[in-house]
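Chains as they are written, first to last, in the working numbering: chain U, 2 to 176; chain S, 91 to 446. Note that the Cβ used here is the ideal one computed from N, Cα and C, for glycine as well. All values derive from a computational prediction rather than experimental measurement. Before any comments, here is the structure.
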């Protein structure tokens, strides 16, 4: 039994410590994922909170996941983010407090930031599933199998989404 | 996916630009964590509360489901999967039921599936609305019972009472159905029933001839049963309205009421080889005195002049029923009394001279 399976078993019995452990384990990753897609700190926190609340409700109703907890949580987060994208997001405001792994020339940083905005704008124009596949694959480093599990899709469908997503980003960046 | 990643490497590298993300505010993160912990505590409290106090049935179900069927053993099925599962389960159910039903159809009275066979017959009868089709079905079932009885006898087994009871019930139902239709239909139905009864009597006679003497009593019983029915059929053919009256009044065998009581099988005694009451050889068709005329399709009882003569002379050596036996006068009933000659053909009538 894997660590995740053990967590699932204990969580299904509403074990307080286990649930907090799950929050601590997956909360930061979920925040990062939401922040990349939403570009809003508060919304990202809301996403994390809502994800764990829905998970807790599911356990209480006896309908929690039986396996792949991480995929389950990311699926909830994805659905929540998709709901947010359904509202018009034409004027996204990006906060300026970026955390960058590279320190360097300010002009370089500016160009990087500009390019970042372009990429982000392109990413936002994708369909929610294309966007999620690209983020999970290239930013979170998930395998196609894990993405397929999280999206409840076949691996082939994930590859197709990935292919179309990259093509679309490419077109948006060339404009 | 390698080829996609090759040609789109530049795009993917650009995607990495957004790897930098909004730094999480630690205070905000801590507050959200505390919020979640409170939610968990509340959930645990509500669970304890529902465990101790009268919880609604749904929560009991959920709790027991979680205990009996832990999450790790649960499978998540898509709607198509659930539909496929339902179809599969239905198919298995119907196939299993069909196989069992088919096996029951060839079962005998001593088999475990025999009650299922009888139940299946009942269901078929209930499903049929057309009276004449129901009549045909009942005729088929009567033939089945006779087959079963003959097969059992040939196998050296005793016929369970359930077969005889069932046979009697089905013939009674046939009479009820016949009485419920118009007179032309009634005549047709009775003719068909007569034909079947005659054929069954013939089959039983042939089977009795092929077998040893110890089985004759069972065959005899069946023959008597059918012969009695034959009487009713023939009276119905002569007087359909009277037949209808008889059936509607519930007295199926009015002309043979003393015998009909002995015809009723005694379930408590199990398989019975004989009725226990001496049978009248004058009016009861016996294997020895039956004559099935295949050309006429009717069952006839041989006249037995010697018996009738002996009855007339009052020295009958064979048992006779109340109908065949002359009614004794009061003088005959009185010890030492003398019988006065009867007049006017009223054999059972007594004279006033016997009054005190």
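- Less than 8 angstroms separates the beta-carbon of residue 294 of chain S from that of residue 313 of chain S.
- For residue 238 of chain S against residue 210 of chain S, the beta-carbon gap comes to about 14 angstroms, at or over 8 angstroms, which does not count as contact.
- Contact between residue 135 of chain U and residue 163 of chain U holds: their C-beta atoms lie close to 7 angstroms from each other, under 8 angstroms.
- Out of S:220, S:319, S:257, S:240, the CA that lies nearest to the CA of residue 208 of chain S is found in S:257.
- The C-beta distance from residue 271 of chain S to residue 279 of chain S rounds to 6 angstroms, short enough to fall under 8 angstroms.
- The contact set of residue 42 of chain U on chain S, defined by CB atoms closer than 9 angstroms, consists of 112, 113, 114, 115, 118 in chain order.
- With 16 or more other Cβ atoms from the protein chains shown falling within 10 Å of its own Cβ, residue 298 of chain S counts as buried.
- With contacts defined as CB atoms closer than 8 angstroms, residue 22 of chain U and residue 131 of chain S fail to qualify as a contacting pair.
- With contacts defined by Cβ atoms closer than 8 angstroms, residue 316 of chain S and residue 337 of chain S do not form a contacting pair.
- One alpha carbon belongs to residue 44 of chain U, the other to residue 151 of chain S, and they sit about 37 angstroms apart.
- Residues of chain S whose Cβ lies closer than 8 angstroms to the Cβ of residue 174 of chain U are, in chain order, 101, 104.
- Counting along the chain, the unbroken alpha helix (DSSP H) around residue 49 of chain U starts and ends at 42-61.
- Residue burial annotation: residue 29 of chain U is exposed, with fewer than 16 other C-beta atoms found within 10 angstroms of its C-beta.
- One finds 17 in chain U with Cβ atoms closer than 8 angstroms to the Cβ of residue 131 of chain S, taken in chain order.
- DSSP places residue 202 of chain S in the coil class of the three-state scheme, outside both helix and strand.
- Residues of the segment 47-64 of chain U with a Cβ closer than 7 angstroms to any Cβ of chain S, in chain order: 49, 50, 53, 54, 57, 61, 62, 63.
- For residue 20 of chain U, the nearest CB of chain S lies under 8 angstroms from its own CB, placing it at the interface with that chain.
- Between residue 36 of chain U and the set U:159, U:133, U:25, the nearest pair of CA atoms involves U:133.
- Shown here for residue 145 of chain U: same chain residues with a beta carbon closer than 7 angstroms to its own, the five before and five after excluded, namely 156, 159, 160 in chain order.
- The straight-line gap separating the alpha-carbon atoms of residue 105 of chain S and residue 137 of chain S is approximately 45 angstroms.
- Under the DSSP assignment, residue 293 of chain S falls in the alpha helix (DSSP H) whose first and last residues are 273-300.
- The beta carbon of residue 120 of chain U sits closer than 8 angstroms to some beta carbon of chain S.
- Going by beta carbons, residue 57 of chain U and residue 27 of chain U fall outside the 8 angstroms limit.
- In the pairwise beta carbon analysis, the segment 148-155 of chain U is classified as not touching the segment 109-120 of chain U: fewer than three pairs are separated by under 8 angstroms.
- Considering only beta carbons, the part of the segment 152-172 of chain U lying closer than 9 angstroms to chain S consists of 153, 160, 163, 164, 167, 168, 170, 171, in chain order.
- For residue 182 of chain S and residue 154 of chain S, the gap between their C-alpha atoms comes out near 28 angstroms.
- When the five nearest sequence neighbours on each side are left out, the beta carbons in the same chain lying within less than 6 angstroms of the beta carbon of residue 137 of chain U are those of 143, 148, in order along the chain.
- 8 angstroms or more divides the Cβ of residue 114 of chain U from the Cβ of residue 101 of chain S.
- Using beta-carbon distances, residue 127 of chain S counts as an interface residue toward chain U, with a partner under 8 angstroms.
- Contact annotation: in the segment 24-39 of chain U, residues whose CB is within less than 8 angstroms of a CB in chain S are 24, 25, 28, 29, 32, 33, 36, 37.
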